[in-house]
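Read the structure below first, then the notes.
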Amino acid sequence: MPGKLKAKIVAGRHLPVMDRASDLTDAFVEVKFGNTTFKTDVYPKSLNPQWNSEWFKFEVDDEDLQDEPLQITVLDHDTYSANDAIGKVYIDIDPLLSSEAATVISGWFPIYDTIHGIRGEINVLVKVELFNDLNRFRQSSCGVKFFCTTSIPRCYRAVMVHGFVEELVVNEDPEYQWIDRIRTPRASNEARQRLISLMSGELQRKIGLKVLEMGGNAVVGYLQCFDLEGESGLVVRAIGTACTLDKLSNTYTPATAINPCNSSPSKDIKDSPQAVPSALGCRSTHSSPVHSASSRLSQGFSVSVPTLLFAGMKHRHRSSDGPRARQCRAGFGEEAPGVPLSSGPPTPLRAQTFSSFSPSKSYSRQSSSSDTELSLTPKTARICLSPSSPTLQSKSSPIPTTKALRSTTPPPLHVSQSDTAMLRKSVSFSEDLLLAASGMGSGGSAGKEAGPLKALLRQQTQTALEQREFPFFTLTSFPPGFLLHVGGVVSARSVKLLDRIHNPALGNTRSYKLLDWNSFTADEPETRDAWWEEIRQEIKSHAKALGCHAVVGYSESTSICEEVCILSASGTAAILSSRFMQDSALDTEHRLSRQQASVFTSGAEKGEGDMGSTASLGFEDLMSPGCAFCHIPYDELNMPFPAQLTYCHCCRRYKVPDVLFTTIDLPTEANVTGKGCLIQARLCRTKKKAQGEGNATAISNLLPFLEYELHTQLMNKLKLRSMNALFGLRIQISVGENMLLGLASATGVYLTALPSPGGIQIAGKTPSDITYEQHISNMQKKINDTIAKNKELYEINPPDLVEEVIGSPIPEPRQRSRLFRSHSESSDEVSELDLSHGKKDAFVLEIDDTDAVEDIHSLLTDAPTPPGFYSCNTEIMPGIYNWTSALQMFTSVRVFRLSNVNLTNQGLNKVFNDLCENLLKSLYFKLRSMVPCCLCHVNFTVAVPEDELIQVAVTAVAMSFDKDQTQENGRQSIDKNLMKAITENEDQLQFPLELSAESSSNPLNSAKGLSEVSGPLPSARDRCSSWIEQLRLKAHTIRCGSIKTMSSLEKASPLPEGRSRSLRSNRSYAGSSVTVVKMTPLSFIPGTKIIKYLGIINMFFIRETTSLREEGGVSGFLHSFIAEVFAMVRAHVAALGGNAVVSYNMKECVFMENPNKNQAQCLINVSGDAVIFVRESELEATPPQPHSASAQTSSSGEGT
Amino acid sequence: MSVELDVFVGNTTIMDKEVYQLWLNGYTVNDAVKVRIEGGVMEECEASAEVLLSDTMDQFRTFQMCERLLQNPAKLANQLLFQIPPDRQAMLIERYYAFDDDVVREVLGKKLSKGTKKDLDDVSAKTGITLKSCRRQFDNFKRVFKVVEELKGPLVENIKQHFLLPDQLARDYAAIVFFANNRFETGKKKLQYLTFQDFAFCAGQLINNWTVGAVDNMVEDMDVDLDKEFLQDLKDLKILITDKDLLDQHKSLVCVALRGKTKVFNEMEANFKNLSRGLVNIAAKLTNTKDVRDFFIDLVEKFIEPCKSDKWTATDVNLYLTHYTNSAHILDTFKHQNVWTRYMGVIKSCILRMYHE
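Protein chains in written order, with our numbering: chain X, 77 to 1276; chain S, 30 to 386.
Below, the structure written as structure tokens:
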């Protein structure tokens, strides 16, 4: 019973008029936590009540503290009838449970009503006293910190990265309960909000438990999602990366920030040998103890085989349940070939990884004893896993075994991943998958399909261990030196038929209303849990096929339409350094690497030329990290898919692929030529309306084509921009009743290490026709022009040297085939074919092909960004470093109605494409005052809410940057002074001049714009800068003006609190002014330093209206709702004492309307990290780094 | 095929001053788009009409949502819904409360009632300003009036505090409130040549000098009414015209001072008694509400028009009024120096302001 929660209701303001007669309100407040409720007195006849209540005290379990929100209801007292609710505030008290985060919640919260929106504000104080119960980690996981940020949070150092944690809980959706028919919409909405709040709390607590089991103290890259499955229920699921973080002690933070109590687990870890290679991923058994592993596996694998793209689109009807679910997976690993595996760093890595698999056993100590390995105490696990040489010896032994399975090809190196005999079976199994996937040794693998494997697996339940371990990381950027090599994107999708989740309430013996689905699924094979298991397994096998042992930038998503659900997962196959997986001293690592290298030389038959140098390479890679991550992780002769390899254009020693696709952020150390840009592939495909299984089949059949075409589009657009790599790739597939939407977004860049991309060549099939040829040559010319223009626009001028490179001839595969074989991995062609030489260095598009015409069309319709604008969907734009502090986060939503239902695919495509393009154009226009600026982290979400509706939502941040990057020192110092002046100014204004609409904004960058005018410039820039010049002049005048008005305003409006206005100081508005809270989807705010993380913000809101027209139609309704959501997020952050939200994300925006009934409903789910930042200029400790944006905090993390 | 829903919400509320002005001016979205296209934003930013329409609609919606707050500017500063930098807030408020002189000129001194509001379409037709904008302006006048009407303390300060307006604008509103409260006649044909700014200036003079608050800031009284005591005292000034000696003495003093300094000396000398009588009579009658209302018309009829017909320049008027005021102080038998100064100070500056050459 380790917690005492205290709440105090101070005052209210701006309350709505509840009594028409007096135009006033008799308000009182109910404070509820769990089943305990307190009430304040009624404060009669006021719209600005001052309750100033006593402290309401709740004595509760910390488990409840984690799960339950504090619920505050404001009501209007009515003597004769029932009291009217004004609205509610839910306060998540989780941040108070970690003593490193906030200590008190205090501030004004908007009072929210699901029907009326925000109705006034209430001032609340909340505190928690946690008793120091040593056993408190038993049921709860207080103290585990959660971060949405997908990198190591800025003021922490990663001691260790433990790996993947996931959990899901399900329940019935109150909206679909029978009682919903008789209760009011408000009651339903509130039930839903409350339930989801509870479920999120529970989910977080459970994940926290897993983290503690793994020995971590934090979850980074925490991603929580809701699946509103309608009739069949509500799923809340979350994934994240367990870490052990250490607070960086820096001069500006009070030393007390490091709390011994909280960091204790991490210290244990560090000091105890148990900390040795921690698990890459842990799906600890307790989450689904009842699952029989074998059944799960067979289920998973038999369907995974169809991964083979076209060839493998098989459906398997489930024998037990009849043909209910059809599955389809389409995965593609990118054409990312690799360095011969013999290179140093991967080797030790592997060693670490393998050994690291096992310690996770120890983490399952809390789980039920059904699994054999559970009997291992942590200690024993540790012993057998310590990376001593004997263990390693044994690791090499399985190689022959596995080799036997593959008749024709030499074993890829990862064979050695089987680290103990116990795991051999599972390894061989995935090996088989791999063979199938890579299209090699097809004969052998075919025979080994489901049947015999299943049998094997059933016998070996302990292989479940392997299954539970997912070496996945939700991180997208890493401490330097952590990410060694990147293989390419791995993704998997699966189409499922939703069916009613068995009423969990029945037979539930726990008093707790929420259900952990896992505990009920023993005999229910079709579980959400198992679905994800399958997908993850598939992802894992894809990663293996790419010669990688880990998946980074991992994420999962769903799209639901009626009873069909598409599950998607994607990530980037990678090889990671062991540095953060154990607290090994460097020498251990190197000893290992040497040993491992020798193992490889003996075990592998490849006879790589580079082999000899392995040992030394370990250092080499660390020293030139700029290109290392591009080097292929897989084996050149045994590539999992066809790709062109060349020697790295930076170091000339390792092989790199010609194109690299990833889901992660650009590593900070990466060498990039020029700037990057947002690249989107958009696709819309019609689908016949169908029901149930038919529908699922139809979708399954369409998916691979959709994905394939998206990929082709991406590739073409990449080439058109003369770029060779994609980062932050996110492919979203949305399913509607009669169409499928696909949207792929990524940031294209030119990686210096990769070869320069060839052009695009158009070929016609009937060259005899002259007009036709002319047509073609016109098109060709257009394309060539665009490429040239783009090169200039993105400043891509790779050194010419690059072209002549390397002694060995670069294999040039036949382009045509490459174009269509981008799904490489799943294609069943034999790899040798692709090594045949074709001398063209261009991508060929045959325009006889209607698809190609479409492709070309979409290529040419993509409007370039207006001058002064850049855009990307990664955190920051490669090639831009000098951000100013001006930033503007925004959300934009558009719904498009297709009036003509009988659209062709092309028509639909055009509509969809235009929709996205226009949306982008609108954004550029809206934000024109921030120029020069970059739209960062542009996150598109598409949905098909109804038959003829397409919904696109974008959340992004616009950040201004200082255009002139190469300034002489003198000027820089002037600018610095200027900057200082400005920041001072801003502080004076208590508000950064962030908005800048029209002009008042950003004198800094405009001033620099001026300085640039003097220099010789290419025309485009010239134009831009003269524009800036204009703006500057305007800005100058207006700025003066605004400051003047400001000062007069200051006179008029009192400073926050205390100082009252000369006259009627007792008026409510004389109180505090509102704290400015910045919001950004990025993990940092340029020009500032985050000094404290206050906790995770995870909020879910429902808004409904029955007077849509009166609220300004659908746009008015949604506009005010989104504004309200922002306001509530800001209020919560401010109440925690923060001044910004980083890693803000709008994960869900479900909008439904019924204009005929004048009704609409919308659900929004947002998340982020509340932080306190200070301006770097205020710190004065170090001169502001010019590259502040890209500079990682983590240099200290490298300390080893 | 149509865009069904289109919203853009920034963490910091984005507002374009130009669009805001169009909204304030009462334009429809389509008209506003036209104006913007003509303004050349499209070329400047490579935007299409579609983009412009979307942007305009979105901003108009934002303004509409803000309007509720703008009507209570103090709320704007501590509401949570829109995050608007203080300088922007000030701009929004200032522009929302800004008005067209032409419009206010039409309603100046009128009762701010429903009846007057109904006549706004005439005002709109006359001034060429949209009815919507006229209504907003009128509602602003009325709102400000209602709030400060009953408040104690200095009028301008009250307006500044409650509506967070910049000084000049607050003064203008004070003038409007003052005029509306005292119902000064401004609509007569003879007064048509006067602009709102002329009246605002005069109102400022009256507020600063003739109200109770003008004498003593600490008095818990209102600034919107003239100081009754003072108005009573003004009756005493009558002696200047009723006492023949005093009148002659006064005249000769002024003549001595002005001789040779003005081209219209002769006219002045001839008219002195008339003019003096006019001014003193105005003072003496101010105890009647009706005569207060006619204050400006009286000034024009009794002083400005005679001078005009004699072709006095503004300098002449200034010179005359200065000496006219000062000379009275030298009169031994004239005891009401303080009242005289308080009265003539205002009269002089009002006349000078109202004297358009």
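Cβ coordinates follow ideal geometry from the N, Cα and C atoms, glycine included.
It should be emphasised that the depicted structure is a prediction, and the values quoted were computed from it without experimental measurement.
Please report the distance separating the alpha-carbon of T325(S) from that of Q278(S). Inspection of the sequence shows that residue 325(S) is occupied by Phe rather than by Thr. So the alpha carbons of these two residues sit roughly 28 Å apart.
Roughly how many angstroms separate the alpha carbons of T116(X) and I181(X), rounded to a whole number? 19 Å
Just the C-alpha distance for E614(X) and D35(S), rounded to the nearest angstrom, thanks. 39 Å
Return the first residue and the last residue of the alpha helix (DSSP H) that L269(S) is part of. I268 to T271
Chain S contact residues for W608(X), given Cβ-Cβ distances below 7 Å: Those within 7 Å of W608(X) in chain S number zero; the least Cβ separation is about 33 Å.
When the Cα atoms are used, what is the spatial distance from D95(X) to S31(S)? 42 Å
Measure the CB-CB distance between H863(X) and L796(X) and report whether it falls below 9 Å. Per the sequence shown, the amino acid found at residue 863(X) is Ile instead of His. A contact, by the Cβ cut-off of 9 Å.
Beta-carbon within less than 6 Å of K108(X)'s beta-carbon, same chain only, minus the 5 sequence neighbours each way: which residues are those? Q147
Can you pull out the residues from the stretch 77-93 of chain S whose beta carbon lies closer than 8 Å to at least one beta carbon of chain X? S77, E79, V80, L81, S83, D84, M86, D87, R90, T91 and Q93
Beta-carbon separation of G79(X) and L206(X) under 9 Å? yes
Proximal residues to N159(X) (C-beta, below 7 Å), its chain only, five neighbours per side dropped: L151, D152 and H153
Taking Cβ positions only, does A203(S) come closer than 9 Å to chain X? no
Helix, strand or coil for Q982(X) per DSSP? helix
For Y353(S), collect the residues of the same chain with a Cβ closer than 6 Å to its Cβ; drop the 5 residues on either side in sequence, then sort them by chain order. V283
R1004(X) touches chain S at which residues, Cβ-Cβ below 9 Å? V70, E73, C74 and A76
Over the uninterrupted beta strand (DSSP E) stretch that includes H561(X), give me the two end residues. L559 to L573
Does at least one heavy atom of the ligand NAD sit under 8 Å from the Cβ of M1222(X)? With respect to the ligand NAD, the structure offers nothing, as it holds no ligand at all.
What would DSSP say about Q280(X), mapped onto helix, strand or coil? helix
Taking 9 Å as the CB-CB limit, is R195(X) close to chain S? no
In terms of residues, what are the limits of the beta strand (DSSP E) holding Q100(S)? Unbroken run through Q100(S): none, as it is neither H nor E.
How would you write the range of the alpha helix (DSSP H) that T862(X) sits in, first residue to last? I846 to L869
For V173(S), decide whether its Cβ has a neighbour in chain X, counting only Cβ atoms nearer than 9 Å. no
Can you tell me where the alpha helix (DSSP H) holding A312(S) begins and where it ends? F294 to K314
Secondary structure of K377(S), DSSP reduced to three states: helix
Please name the residue, chosen from N1215(X), K857(X) and I315(X), that lies closest to G647(X) on a Cα-to-Cα basis. I315(X)
How would you label A710(X), buried or exposed, when you count the other beta carbons within 10 angstroms and need 16 or more for buried? Just to set this straight, residue 710(X) is Tyr in the shown sequence, not Ala. Looking at its Cβ environment, which holds 16 or more other Cβ atoms inside 10 Å, Y710(X) is buried.
Determine the DSSP secondary structure at Y349(S), reduced to helix, strand or coil. helix
Return the CA-CA distance between A204(S) and T1182(X), expressed in angstroms with no decimal places. 45 Å
Would you kindly check if the distance between the Cβ of T950(X) and the Cβ of S1036(X) is under 9 Å? no
From the DSSP output, read off the bridge partner residues of K115(X). E106(X)
Where the stretch 1200-1213 of chain X meets chain S: residues whose CB sits under 7 Å from a CB there: E1200, F1202, A1203, R1206 and A1207
Go ahead and label V1242(X) buried or exposed: buried means 16 or more other beta carbons lie within 10 angstroms of its beta carbon, across all protein chains shown. buried
Look at L287(S) and L348(S) and say whether their C-beta atoms are less than 9 Å apart. yes
How many Å lie between I811(X) and K764(X) at the Cα? With the sequence shown as reference, residue 811(X) is identified as Val, and Ile is not the correct amino acid for it. Roughly 12 Å separates the two Cα atoms.
For K84(X), go through chain S and note every residue whose CB falls closer than 9 Å to its CB, in chain order. Per Cβ cutoff of 9 Å: no residues; K84(X) is ~20 Å from chain S at best.
Return the CA-CA distance between E33(S) and E1186(X), expressed in angstroms with no decimal places. 17 Å
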